[in-house]
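One structure is given below, encoded as C-alpha cells.
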Amino acid sequence: MSEFFHMGGYAAYLWPAYLLTFAVLGWNVLSARRALREARAEARRRLADREDGP
Amino acid sequence: MIGAALAVLVRDLRLALRRPGQVLQPLAFFAVVTVLFPLGYTPELDKLRQIAPGVLWVAALLASLLSLESLFREDAQDGTLEQILLAGQPLAALALAKTAAHWLLTGLPLTLMAPVLGIALGVPGSAMPGILSSLALGTVTLSLVGAVGAALTLGVRRGGVLLGLLTLPLTVPTLVFGARATELAIAGEGLSGALYLLAALAVLAVTLAPLAVAAALRIGSE
Amino acid sequence: MIGAALAVLVRDLRLALRRPGQVLQPLAFFAVVTVLFPLGYTPELDKLRQIAPGVLWVAALLASLLSLESLFREDAQDGTLEQILLAGQPLAALALAKTAAHWLLTGLPLTLMAPVLGIALGVPGSAMPGILSSLALGTVTLSLVGAVGAALTLGVRRGGVLLGLLTLPLTVPTLVFGARATELAIAGEGLSGALYLLAALAVLAVTLAPLAVAAALRIGSE
Amino acid sequence: MLEAIDLTVHRGDRRVFAGLRFAVSAGHCLQVVGDNGAGKTTLLRTLAGLLEPDEGEVRWNGQRVETRALEFQREFVYLGHQPPLKDDLTGRENLRFGLALRGTAPSGGTGRAIDGALAEVGAAALGDRLVRSLSTGQRRRIALAALRLTAARIWLLDEPVTNLDAAGQAVVASMVASQLDAGGIVVAATHQDLGLAPARCPQLVLGRRA
Amino acid sequence: MLEAIDLTVHRGDRRVFAGLRFAVSAGHCLQVVGDNGAGKTTLLRTLAGLLEPDEGEVRWNGQRVETRALEFQREFVYLGHQPPLKDDLTGRENLRFGLALRGTAPSGGTGRAIDGALAEVGAAALGDRLVRSLSTGQRRRIALAALRLTAARIWLLDEPVTNLDAAGQAVVASMVASQLDAGGIVVAATHQDLGLAPARCPQLVLGRRA
Amino acid sequence: MDWTWFHKFGSPPHVYRLAGTLTPWFAWPAGILIVSALYGGLVLAPPDYQQGDGFRIIYVHAPSAWLSTMVYAVMATAAAVGLIWRMKVAHAVAASCAGIGASFTAASLVTGMLWGEPMWGTWWVWDPRLVAQLVLLFLFLGYIGLRSAIDDLGRADRASAVLAIVGVVNLPIIRYSVEWWNSIHQTPSVMKMDRPSMPMDMLAPLLMMLLGFTLFFGAVLLVRLRAEVLRRERGAAWVKEVVS
Ligand code: HEM
Ligand SMILES: Nc1ncnc2c1ncn2[C@@H]1O[C@H](COP(=O)(O)OP(=O)(O)OP(=O)(O)O)[C@@H](O)[C@H]1O
Ligand SMILES: Nc1ncnc2c1ncn2[C@@H]1O[C@H](COP(=O)(O)OP(=O)(O)OP(=O)(O)O)[C@@H](O)[C@H]1O
Ligand SMILES: [Mg+2]
Ligand SMILES: [Mg+2]
Chain A
14 MSEFFHMGGY AAYLWPAYLL TFAVLGWNVL SARRALREAR AEARRRLADR
64 EDGP
Chain B
27 MIGAALAVLV RDLRLALRRP GQVLQPLAFF AVVTVLFPLG YTPELDKLRQ
77 IAPGVLWVAA LLASLLSLES LFREDAQDGT LEQILLAGQP LAALALAKTA
127 AHWLLTGLPL TLMAPVLGIA LGVPGSAMPG ILSSLALGTV TLSLVGAVGA
177 ALTLGVRRGG VLLGLLTLPL TVPTLVFGAR ATELAIAGEG LSGALYLLAA
227 LAVLAVTLAP LAVAAALRIG SE
Chain C
27 MIGAALAVLV RDLRLALRRP GQVLQPLAFF AVVTVLFPLG YTPELDKLRQ
77 IAPGVLWVAA LLASLLSLES LFREDAQDGT LEQILLAGQP LAALALAKTA
127 AHWLLTGLPL TLMAPVLGIA LGVPGSAMPG ILSSLALGTV TLSLVGAVGA
177 ALTLGVRRGG VLLGLLTLPL TVPTLVFGAR ATELAIAGEG LSGALYLLAA
227 LAVLAVTLAP LAVAAALRIG SE
Chain D
801 MLEAIDLTVH RGDRRVFAGL RFAVSAGHCL QVVGDNGAGK TTLLRTLAGL
851 LEPDEGEVRW NGQRVETRAL EFQREFVYLG HQPPLKDDLT GRENLRFGLA
901 LRGTAPSGGT GRAIDGALAE VGAAALGDRL VRSLSTGQRR RIALAALRLT
951 AARIWLLDEP VTNLDAAGQA VVASMVASQL DAGGIVVAAT HQDLGLAPAR
1001 CPQLVLGRRA
Chain E
801 MLEAIDLTVH RGDRRVFAGL RFAVSAGHCL QVVGDNGAGK TTLLRTLAGL
851 LEPDEGEVRW NGQRVETRAL EFQREFVYLG HQPPLKDDLT GRENLRFGLA
901 LRGTAPSGGT GRAIDGALAE VGAAALGDRL VRSLSTGQRR RIALAALRLT
951 AARIWLLDEP VTNLDAAGQA VVASMVASQL DAGGIVVAAT HQDLGLAPAR
1001 CPQLVLGRRA
Chain F
19 MDWTWFHKFG SPPHVYRLAG TLTPWFAWPA GILIVSALYG GLVLAPPDYQ
69 QGDGFRIIYV HAPSAWLSTM VYAVMATAAA VGLIWRMKVA HAVAASCAGI
119 GASFTAASLV TGMLWGEPMW GTWWVWDPRL VAQLVLLFLF LGYIGLRSAI
169 DDLGRADRAS AVLAIVGVVN LPIIRYSVEW WNSIHQTPSV MKMDRPSMPM
219 DMLAPLLMML LGFTLFFGAV LLVRLRAEVL RRERGAAWVK EVVS
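Chains as they are written, first to last, in the working numbering: chain A, 14 to 67; chain B, 27 to 248; chain C, 27 to 248; chain D, 801 to 1010; chain E, 801 to 1010; chain F, 19 to 262.
Here it is in C-alpha cells:
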C-alpha cells in the first residue's frame, strides 16, 4: 500500500498533479452549480420587482 | 468612400502633429528599451548582436502597443467616433484609414529608428535593409491586430493592461517571423522566406482586421 | 488630510478592481510580456537567464508607462481632478495617494509575479529574494517619476507634452541599477550596494515627485 | 417619412420604453419631451442606429433602415449632448472634416459654404481658433454650423439649445424652421421650448422611468 | 463677504475681462450673465482659483484668497459645466468620496445624509447605480446632491440648470434659496433665469468678447 | 431545408429544459469513466519501461490538455453562431465555456510542469507545445477579462465573440509559428507524441479518461448554460415557471 503511494519515487510530482486536476474538476462542478443557484435567485428577485414595480 | 478614408487619415496625422508628445512617447520607449539591454547585459558587441533581433522586435511590439491604447479612445470621448460611425461610409474603410495613420505615426518611425539602435547593438550595416523591410512589414500587422484590441477594449477601465493581454498573444507569429528575419539579416543569410511569411501575415491582417475593428466599434458604441 | 489621501487611494483601487477578475489581469499581462522574449530570442534557458534582468525591468517600465498615461487624464476629463485640486487638502499628499494606488496596481503585481517569470527564464531560486527586493524598490521610483511625466502631459500647453517626455530618461538610473541588482542576484553575488542605490532613488522620488506632480497638476488645470 | 414601429428599447436590463409608435413626415418636426431619464436620448440614439431596438423597427420612407443602413445614414445627422469636435483642430478644420467624411461637396465651394455657415450661427470670428480655446457655447455654435452644412434631410438633435445664449437659441429656432421649410424632418429632444408652431412640431411625451 | 477687486483675466492672449469689481455678502447671490464667450466660466474659475488673474485679486472676508488657499477652498464648492463624477462608481460611492475628500463628516452619519441629499434632488432611486448608466440629467442631479452635502458656504455654479427637467430646475432654485437663507453665498452663471428675487440676486452682466 | 430545429435551439426555454434533462446523461457516464480510468491508470497499468510510475501523470495531463483545445473550439464556434445569427443562447454557450477552458488549460500546464521536473529536471522548457498551450491560456484569460470588463451583457457577448473568432483564426497560425520557431533553434520537441504505441493496459485508461473528461465538460457546460440563459432572460414568462 505505502508502496502504491510512494509511486516509485514520483509521489512528490504525481500526487500533486492528480490532486490539482481533481481540484479543477471539483471547482468546475461547484462553480457551475453556484452559478445556476445565483441565476435562479436573481431571476426570482427580478420577477418580484416586476410584480410590485410599475 | 476613398475621400472619407483620406479625410480620416489626414485628420489623424494633423492631430498628431499638433500633439507631438503622443507620437514621440513610443519612440522614446523604443529607444530606452533597446539601450537598456546592453547596459543590463554586456558591452561585448558580438554577444549583443545575438540578442539584437529579439530586443528590437519585442521593443517595437511593446512600443506600438503603448500607442494603440489611445487609438479610438479620444475619438470616442469627444464624440467624433459616433460622427465616423454615422458618416454613411463603410466603417471598415475608415477603420483601415485610422490604422494606417497609426502605422505612419508609430510603425514607420520605429522602423526608421531601428537601424540607428541596431548599430548600438552591434548590428552590421549589411543587415539594415533586411531589418528595415522586416520591421516595415511586421509593424503593419502589429498596428492592425492592435487596432482590433483597441476597438474591443474601448471605454474599458485600465484598458491598457487588458489591451496588452488581448493583443500580445495574437502578435506571437509576427514576432517569431520578424525576429527570425532580423537574425538572418544579421547573419547575412537570405531572409526571403521569413519575409514572405511576414508579408502573408500582413496581407491576412489587412483583409480581416478592418472588418473585426468595424464590428468591435459598432458594438462598443452602444 | 490622511483621510482624504486614503479616500483617493481607496477610490482608485476600487475603480481599478471594480470586478474580482481584474486583480489578476496585471499578473497575466506580465506573463504575456515575458513570453515574448524567448520567442524573439531563443528557447535555451542558460541564454535566457542572461537577459532575464533586462526582461523584468522592461516589463516594469512598460507597465508603469502603459497605465500612468491615464493616471490623471481620466480624472481630468470627468472633472474629478478639479474636485481634487479644490478639495482644500495639500495636493502633494493626494498626488502621492494616487501614485501609491498606481504602484499597488502595477509595481506590486509585477514584483509578486517576478519569481514565476524568473523560473520561466531559468533564474535560480536563490536569486528570487534579490529580484523581489530590487523590483519592489525600483517600481516605486518608476511610478513616481512616471506620475510627474503624466501630470506634465496633462497641460494644454505644447511645452508640457514634451516635458512629460523628458521624464522617461529620468527612469534610466533606476532601470540601470535595477538591472544590475537583478544581474548580481542571479549571479549569486552580493547586491546590497545596488539595492542601496535603488533605495536612495526611491526615497528621493517619494520626497520630491509628489511636489512636482502637484505643481504640474496646478499648471495643467488652467 | 420617418416612422417608429412598436419600438422597445432596453438599457442594461432596464426597459426604457416599449411599443413606441410615431411617424414624422417631410416638413414636420417632432419635439421629444420628458423628465430626466425618460428616454429622450435613448430614442434619438435608436433612431440614429447607435442603439438596437429589442423589438420594433425604424422605417424611412417605408423601408427598414437596417436593410440599407449606409444610405439612411447619409439622410440624417445626429447631434448629441456633446458637440463632436476635435479640440486640437480649428473650427474650420473640424467643419471641413465633417464635410469630407460624409462626402458632401457644397455648391459654390467648401470654403465659402463654411464661411456662410459660421456667419449664420454667429461664429464667424471663431472659425480659425482651436476648438480647445472656445467656450462651451461657442463650441455648440461650431457644431450648429456643421449641422447647417450637411445636406442631410433629417436632423436628430439632443437638447440643441443647451449652453446657448438667447441669440444662439434664436439661431437654432430659425435653423430648424428653415430646415422644415426645405421639406426636412427634425426630431429634437429638449427641456426648453424651441418656439415653433405646435401644428408643425407636435410633442412626443416619454413617460418617466427612473 | 466675497469680493473681486479690479480683476483682469486673459485666456491665451485674449483679454476676457478687465477691472472687474463686485462684492457679494452673506445671504446674497450673484447671477453672472452674458453671451456665449462673455467670460462667465472664466470668472467662476478665477474665483475658484483655477485661473490666476493677471491683475486684481479675489478677497474672502477681506483677505486675499491666495494667502490662505486651502482654508478658502474648504469654504466653497465649484460645480462646472460637467458634473465631477466617476462613471464606474455608483452615485453613492461618488458622494461618499466627495465627502471624504473634503473631510466633511455630516451630522447624523454619512449614509443617512447621503440618502437625504439624494431624496432632495429626486435621485433616491439612482444612488446605487453606476453613474455610467445614468442619463445626463440624472448625473447632474447626483452632482447637485454632492453640492448639497458639502458644508461649504460659497457655491460657484456654472450653468447649474443645464440638462435638467422642470422639476430639476425647481430643485436648483430651492437649493439656492435655502443656501442663501442659511447665510451662504451663491455665484451662478446662467442663461436661463434661476427665478430668484432680483434684490437678493443681482445680475452681473459681462460684455461679449468673441 | 427545414430550420425549425435551429430556431428551437434558439429558444431559451427549450434549451433550458433540454439542458436540464441532458445533464445527468453526461454527468454519470463521466463520473464512472473517470473513476474506473483512475483505477486503471494508477493500479492496473504497469510502470512505464523508461519513466517508471512517473508516466502515470499522463492520465490527468493529456486529458486536460486535450480538453483545453476542444473547449476553445466549442467556445469560438458558439461565439460565431451567436454573432452571425444573433442567437442569445449561442452567446450563453460561449460564456459558459471560458471558465471551464481556462481551468483545464491551467491544469494541463501545471501537471505538465510537475511532469517536466522529474523528466527533464526543470519545471519549464520553451517547448513549442508548451508555449502554444501557454498562449492558449492567455487567450482564455483575455476573453474572460474582456467579458468581465463590460457591464452590458449584450455588449459583452458580442465584443467577446469578436475576440474569440479573431483568436481562433490566429490559433493555428500561432501553433505553426512556435513549431517553426522551435525547429530553427534545433531543440527537438521534448514532448515526443510519437512514443512507441502504448500497450493496451496503458492506453485504455488514457482513452477512458479522455472520453470521461469530454463528457464531464458536457455536463458542466449544460449546468452553466442554464445559468447563463436565465441571466439573459429579462424575467420572461417562462422563467417564472422554472424558478418558482
Ligand atoms: C508545462 C509542461 C507541459 C505542457 C504545457 C504540456 C502540454 C501538452 C499538450 C498541449 C498536449 C496535447 C494534448 C492533445 O494531444 O490534445 C499534451 C499531451 C501530452 N503530453 Fe504534455 N505538456 C507538458 C509537459 C509534458 C511532459 C513533461 C510530458 C512527459 C515527459 C508530457 C507528455 C505528454 C503526453 C504523453 C501527452 C499525450 C500524448 C498526445 O496527446 O499526443 N507533457 N501536453
Ligand atoms: N483655453 C482658452 N484659451 C484661449 N481662449 C479661451 C480659452 N477658454 C476660453 N477662452 C475664451 O475666453 C472667453 C470666455 O470664455 P468663457 O468660457 O468664460 O465664456 P462663457 O461666458 O463661459 O461662455 P459660455 O456661455 O459659452 O459658457 C471666450 O471668448 C473664449 O473664446
Ligand atoms: N448605459 C446605460 N445602462 C443602463 N441604463 C441606462 C444607460 N443609459 C441610460 N440608461 C437609463 O435609461 C433611461 C433613459 O436614459 P436617457 O439618457 O435616454 O434619458 P434622457 O431622457 O435623455 O434623460 P436626460 O433628460 O437626463 O438626458 C434612464 O433611466 C437611464 O438611467
Ligand atoms: Mg439625454
Ligand atoms: Mg461657460
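By construction, the Cβ of each residue, glycine as well, lies at the ideal position given by its N, Cα and C atoms.
Quick caveat, the model's predicted, so the values are computed rather than measured.
Starting from the C-beta of residue i, find all residues in its chain whose C-beta is less than 8 Å away, skip the five residues before and the five after it, and write them out in chain order.
i, result
"residue 991/D", "833 and 959"
"residue 220/B", "160, 203, 204, 206, 207 and 210"
"residue 928/D", "890, 891 and 892"
Using only CA atoms, which one of the options lies nearest to residue i?
i, options, result
"residue 34/B", "898/D, 847/D, 984/D and 802/D", "898/D"
"residue 803/E", "896/E, 841/E, 814/E and 846/E", "846/E"
"residue 892/E", "965/E, 916/E and 842/E", "916/E"
"residue 900/E", "197/C, 229/C and 37/C", "37/C"
"residue 923/E", "890/E, 905/E and 904/E", "890/E"
"residue 32/B", "125/B, 62/B and 51/B", "125/B"
"residue 904/E", "172/C, 243/C, 238/C and 29/C", "29/C"
"residue 172/C", "47/C, 191/C, 154/C and 162/C", "191/C"
"residue 47/F", "261/F, 81/F and 235/F", "235/F"
"residue 994/E", "824/E, 863/E, 913/E and 973/E", "973/E"
Considering only residues of the same chain and omitting the five flanking positions on each side of residue i, which have a CB-CB separation below 7 Å?
i, result
"residue 939/D", "883, 885 and 931"
"residue 199/C", "227"
"residue 965/E", "937"
Can you find a C-beta in chain D that's less than 8 Å from the C-beta of residue i?
i, result
"residue 1010/E", "Its pLDDT being 41, under 50, residue 1010/E is placed unreliably in this model, and the coordinates cannot settle the point."
"residue 967/E", "yes"
"residue 908/E", "no"
"residue 807/E", "no"
"residue 835/E", "yes"
"residue 125/B", "no"
"residue 219/F", "no"
For chain F, is any of its Cβ atoms less than 8 Å away from the one on residue i?
i, result
"residue 195/B", "yes"
"residue 812/D", "yes"
"residue 145/C", "yes"
Excluding five sequence neighbours on each side, which residues of the same chain lie with their C-beta closer than 6 Å to the C-beta of residue i?
i, result
"residue 179/B", "185, 188 and 189"
"residue 247/B", "111"
"residue 150/B", "none"
"residue 238/B", "174"
Got a sec: is the Cβ-Cβ distance from residue i to anything in chain B below 8 Å?
i, result
"residue 897/D", "yes"
"residue 98/C", "no"
query: If you pair each beta-carbon of the stretch 60-77 of chain C with each one of the stretch 190-206 of chain C, do three or more pairs fall below 8 Å?
result: No contact exists between the stretch 60-77 of chain C and the stretch 190-206 of chain C.
- Message: Between the stretch 807-822 of chain E and the stretch 975-991 of chain D, can you find at least three pairs of beta-carbon atoms closer than 8 Å?
- Response: No contact exists between the stretch 975-991 of chain D and the stretch 807-822 of chain E.
Check your understanding: Is the stretch 863-877 of chain E in contact with the stretch 81-100 of chain C, if contact means three or more CB pairs nearer than 8 Å?
Key -> Touching, no, given that fewer than three Cβ pairs across the two stretches are closer than 8 Å.
Stretch-stretch touch, CB-based, cutoff 8 Å, three pairs: the stretch 140-153 of chain C with the stretch 810-830 of chain D | Counting Cβ pairs under 8 Å, fewer than three are found: no touch.
TODO: Would you list, in sequence order, the uninterrupted beta strand (DSSP E) runs of no fewer than 3 residues that lie entirely inside the stretch 914-985 of chain D?
DONE: Qualifying beta strand (DSSP E) stretches, in chain order: 954-958.
* Is the number of C-beta pairs between the stretch 229-244 of chain B and the stretch 864-872 of chain E that are closer than 8 Å three or more? -> Short answer: they don't touch.
Stretch-stretch touch, CB-based, cutoff 8 Å, three pairs: the stretch 72-86 of chain C with the stretch 152-168 of chain F:
As far as the Cβ criterion goes, the stretch 72-86 of chain C does not touch the stretch 152-168 of chain F, which means the pair count is below three.
May I ask you to verify whether the stretch 217-227 of chain F touches the stretch 55-65 of chain F, counting CB pairs closer than 8 Å and requiring at least 3?
Yes: at least three Cβ pairs fall under 8 Å.
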